[in-house]
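Read the structure below first, then the notes.
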Amino acid sequence: MRLPRLPLVTALALLFFFAYITGIRLAYSLLYALVLIFVVGYFWSRLAADNLSIVRSSPEGQYQVGDNFEERFTIENRSWIPIPLIELTDFSNLPGYDPGRVFSLKGRRTRRWTSRGRFKQRGLFTFGPVELRYGDPFGLFTRSLRVAGSQSVVVYPVVRPVGSLDALAPSTAGDEQLRGRVLDIPPNATTIREYVPTDSVKRIHWASSARLARLMSRSFETREGGDAWIVLDLQAAVHAGEAPESTLEYAMSMAASIADAALPRPMARCRWLPCSTRSGSSGAIAAG
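In terms of numbering that gives the first Met the number 0, the sequence shown has 260 at position 261, counting the first letter as 1, and numbering is strictly consecutive.
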């Protein structure tokens with residue numbers, strides 16, 4: 000704990016004045032002792048500042064809500080003097096995580112420890128900065144060492160199994176009879192074939208029919224799969240609760256789970272389409 004220096008300096012000045020006026024030997028002894036404490040405290044903290052270092056090893060990359068992680072801290076004192084009190088304060092923006100602690104460190108010693116935590120909320124987070132506060136044994140001169148944060152992680156919503164999505168299953172190619180109107184299924188004309196009486200007029204390829212002098216029909220191949228549109232209402236007024244137990248976080252988890260179920264298919268794609276309405280903001284995830 001840092002002692003207030005102004006009262007001590009005032010007491011030192013009064014003691015000097017009293018010793019000078021009275022000439023009492025005890026007053027001079029107390030004055031010399033206080034001056035010695037100030038000098039020793041200053042150089043103690045200065046020497047500690049030049050020889051104290053911190054190394055922080057933090058995770059990086061991509062994670063999901065609920066994943067565990069760990070950090071490694073290394074504090075080294077390269078000087079021969081001990082540091083009786085070191086306070087480590089972490090300023091990470093990760094919710095529910097605080098690796099700070101208070102400890103002492105002897106001369107020419109290194110202290111290592113591992114701090115573990117869990118990602119409880121989605122978002123972009125940075126580990127750090129971290130600050131070390133230390134000083135002399137008398138608490139007169141306090142110094143700090145601050146190291147900026149450099150490692151960032153992206154935490155995605157938790158993905159839960161939702162089963163197979165039949166709407167996105169590959170559809171049948173060729174001339175197999177399909178339910179619904181033909182215009183509802185995006186076709187791709189691949190080849191032509193002989194016309195049969197059951198073909199509609201829309202299937203006739205007139206250019207080939209004129210060239211071959213007989214009716215020819217187009218053979219269609221439907222697209223392999225469909226689209227899933229996941230629309231989220233991101234207006235703050237319609238959501239309740241606080242993260243991670245909020246309706247918004249549950250909605251994000253559901254959207255991520257549905258998109259994850261669609262993405263393992265071959266040639267699957269996922270696009271985020273931000274949009275806005277009169278009632279607020281929303282977003283759509285198109286998986287197809």
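C-beta: ideal position from N, C-alpha, C; glycine also. Every value quoted in this text rests on a predicted model; they were computed, and no experiment measured them.
- Rounded to the nearest angstrom, the gap between the Cα atoms of residue 163 and residue 260 is 7 angstroms.
- Taking 8 angstroms as the upper bound for CB-CB distance, residue 76 and residue 51 are in contact here, some 6 angstroms apart.
- Cβ contact annotation for residue 99 (same chain, cutoff 8 angstroms, sequence separation greater than five): 86, 87, 88 and 89, in chain order.
- Residue 197 and residue 249 have their C-alpha atoms roughly 50 angstroms apart.
- The DSSP-derived three-state label of residue 94 is coil.
- Going by DSSP, residue 79 is part of no alpha helix (DSSP H) at all; its letter is neither H nor E.
- Proximity of the segment 137-154 to the segment 110-126 meets the contact definition, three or more beta-carbon pairs being nearer than 8 angstroms.
- Judged by beta-carbon spacing, residue 53 lies beyond the 8 angstroms limit of residue 139, meaning their Cβ atoms are not closer than that value.
- Each of 72, 94, 106 and 33 was checked against the Cα of residue 131, and the nearest Cα belongs to 72.
- For residue 67, same chain residues with a beta-carbon under 6 angstroms away, outside a window of 5 residues either side, are 117 in chain order.
- In the DSSP assignment, the residues bridged to residue 104 are 82.
- About 45 angstroms separates the beta carbons of residue 229 and residue 214, which is beyond the 8 angstroms limit, so they are not a contact pair.
- For residue 44, the enclosing alpha helix (DSSP H) stretches over residues 24-50.
- Distances from the CA of residue 207 to each of 114, 192, 16 and 55 were compared; the closest alpha carbon is that of 192.
- Distance from the CA atom of residue 23 to the CA atom of residue 29, rounded to whole angstroms, is 10 angstroms.
- Here residue 217 is bridged, per DSSP, to 191.
- The beta-carbon distance between residue 242 and residue 120, rounded to whole angstroms, is 5 angstroms. This is short enough to meet the 8 angstroms contact definition.
- Rounded to whole angstroms, residue 232 and residue 61 show a C-alpha spacing of 25 angstroms.
- Our two residues, residue 82 and residue 262, have alpha carbons roughly 55 angstroms apart in a direct line.
- Beta-bridge annotation (DSSP): residue 131 is paired with 87 and 144.
- Contact between residue 216 and residue 194 is confirmed by a C-beta separation of about 5 angstroms, below the 8 angstroms threshold.
- Per DSSP, the continuous beta strand (DSSP E) segment holding residue 123 begins and ends at 122-126.
- When the beta-carbon positions are compared, residue 157 and residue 64 come within less than 8 angstroms of each other.
- Judged by beta-carbon spacing, residue 69 lies beyond the 8 angstroms limit of residue 103, meaning their Cβ atoms are not closer than that value.
- For residue 74, the closest alpha carbon among the candidates 133, 236 and 91 is that of 133.
- Here residue 40 is buried, its C-beta having at least 16 other C-beta atoms within 10 Å.
- Inside the segment 238-265, DSSP marks whole alpha helix (DSSP H) runs of 4 or more residues at positions 246-261, from first to last along the chain.
- In the displayed model, residue 200 falls within a helix according to three-state DSSP.
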